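Student: Residue numbers (the working numbering): 27 to 272. In this text, a Cβ means the ideal position worked out from N, Cα and C, and glycines have one as well. Owing to the predicted nature of the structure, the values given are computational and were not obtained by experimental measurement. Here it is, the structure, as structure tokens.
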């Protein structure tokens with residue numbers, strides 16, 4: 027009996043939704059506490075497999091935090107985080123208007139992603155390093171940078187702290203250990219791992235954090251970073267954000 031030939035044509039998976047389709051949002055099947063919080067100092071990679079496929083949910087249907095992941099933040103901490111996020115939303119809105127009216131050559135906003143960088147930066151120590159993508163300018167607010175300084179950079183005027191040597195939105199804030207963004211997407215991932223390895227080699231009490239969007243996961247730097255971070259167990263937090271652009 028002749029063996030069945032394998033189909034050698036390229037398989038292209040069918041997208042669940044296409045532009046113009048009406049998406050269906052079913053109720054979340056996950057409840058707070060479904061995924062237990064592993065001990066970050068003792069857990070292995072195997073202990074977090076379920077977390078890669080599920081959803082870590084903290085807020086219940088009543089909008090109240092519960093379960094192992096509840097950080098139990100004080101009212102002052104919550105107000106401070108909200109203040110940073112509102113400030114960033116206002117800043118983004120003003121800068122986008124300037125870009126659309128030709129007063130800025132380039133701008134990228136963080137609409138809908140304000141909490142990602144702000145909450146994580148608030149959880150860090152001041153000596154920790156930040157390697158952002160375009161959409162984490164809010165981390166600078168947490169580290170004490172003022173809006174006027176950031177606007178001066180975007181405009182590239184005489185008060186720009188990097189004197190016009192970078193494109194707008196490529197912020198650099200030495201006092202806050204906020205490293206300048208590179209224009210090619212994804213490069214910050216491997217850079218962050220390298221700095222984390224250097225901190226570890228020197229025996230310093232420092233952590234490095236970085237973010238990329240889903241599209242940048244197709245870049246080589248994404249895989250280099252995961253490989254080196256895994257092998258050398260570098261003290262780095264690698265965030266892959268689904269910003270629904272790619």
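1) Within the continuous alpha helix (DSSP H) that includes residue 213, where are the two ends?
2) Pop quiz: residue 144 and residue 196 are said to be a contact at Cβ under 8 angstroms. What is the actual Cβ separation, rounded to whole angstroms?
3) Sorted by chain position, which residues of the same chain lie with C-beta nearer than 6 angstroms to residue 60's C-beta, five sequence neighbours on each side aside?
4) Output needed for residue 96: all residues of its chain with C-beta closer than 7 angstroms, excluding positions within five of it in sequence on either side, in chain order.
5) For the beta strand (DSSP E) containing residue 234, list its first residue and its last residue.
6) I want to know whether the region 216-234 touches the region 254-268 - three or more CB-CB distances under 8 angstroms.
7) In three-state terms, what does DSSP make of residue 96?
8) Just to confirm, is the Cβ distance from residue 92 to residue 64 under 7 angstroms?
9) Is it a yes or a no for the region 166-177 touching the region 112-126, going by three-plus beta-carbon pairs under 8 angstroms?
10) Less than 6 angstroms between the CB of residue 189 and some heavy atom of the ligand COA, yes or no?
11) Kindly confirm or deny that the region 150-162 and the region 232-244 touch, where touching means at least three C-beta pairs closer than 8 angstroms.
12) Going straight from the alpha carbon of residue 125 to that of residue 136, what length do you get?
13) Thinking just about the alpha-carbon of each residue, which of 230, 227, 261, 210 is nearest to the one in residue 244?
Tutor: In terms of the structure at hand:
1) 213-228
2) So it is not a contact: roughly 19 angstroms between Cβ atoms.
3) none
4) 84
5) 234-239
6) yes
7) coil
8) no
9) yes
10) Looking for the ligand COA in the displayed structure turns up nothing, as the structure carries no ligands at all.
11) yes
12) 15 angstroms
13) 210
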